[in-house]
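Numbering (this note's numbering), first residue to last: 3 to 209.
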């Protein structure tokens with residue numbers, strides 16, 4: 003059973019374990035909480051950007067994955083070049099997608115005080131990362147731009163732990179194994195194999 007993550011709440015139901023392991027709010031400033039040692043997940047719930055409504059109409063067979071590392075100050079040029087090389091459209095659509103990625107990368111870099119980031123924009127049509135896990139990074143920003151959002155749960159995985167799911171367009175920063183020996187929150191890609199669904203996932207890491 004998958005429960006949609008609730009809006010505008012702080013998840014603090016772990017009692018004495020921690021004052022807040024997951025924080026969910028409707029403003030981008032919540033992402034700054036990811037810098038706090040006790041916060042293992044920060045979620046910005048938001049409306050999906052209207053400027054990106056066209057993404058779902060793309061021919062995914064003509065689109066390649068994007069993967070790049072860049073200093074924050076040159077992100078607009080680096081990402082625009084990478085999107086064009088991957089087959090994304092030029093003009094207003096391409097500019098809107100570039101602006102979206104640059105904006106989220108800057109939020110991530112600002113929250114964690116980073117000078118450079120690694121960006122991946124991936125087309126997913128299989129059950130990639132289908133098991134609940136924590137990544138081998140200090141932190142990772144995830145945002146699903148097409149398709150179902152990332153699923154997460156409190157770890158370790160047990161039968162009665164509810165599965166929560168981000169909405170399309172929600173922005174989340176998950177703590178990874180380089181930041182904590184025992185990740186309090188695990189996540190996975192939703193199983194879509196055999197459904198015909200395609201997901202477009204943005205992932206941003208420290209460089």
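Built from N, CA and C at the ideal position, the CB exists for glycine as well.
Residue state for residue 109 is assigned as helix, using DSSP reduced to three classes. Contact annotation: residue 202 and residue 136 have beta-carbon atoms that are not nearer than 8 Å. Taking a C-beta distance under 8 Å as the contact criterion, residue 42 and residue 27 do not qualify as a contact pair.
Under DSSP, residue 46 takes part in a beta bridge, and its partners are 27 and 173.
Separation of the CB atoms of residue 36 and residue 113 is rounded to 5 Å, and the pair is thereby assigned contact status at 8 Å. Taking C-beta atoms under 8 Å as the contact rule, residue 63 and residue 118 fail to qualify, at a distance of about 32 Å. Exclusion of the five residues before and after residue 50 leaves 170 and 171 as the residues of its chain whose Cβ lies within less than 7 Å of its Cβ. Distance between residue 145 and residue 163, taken at the CA atoms: about 23 Å.
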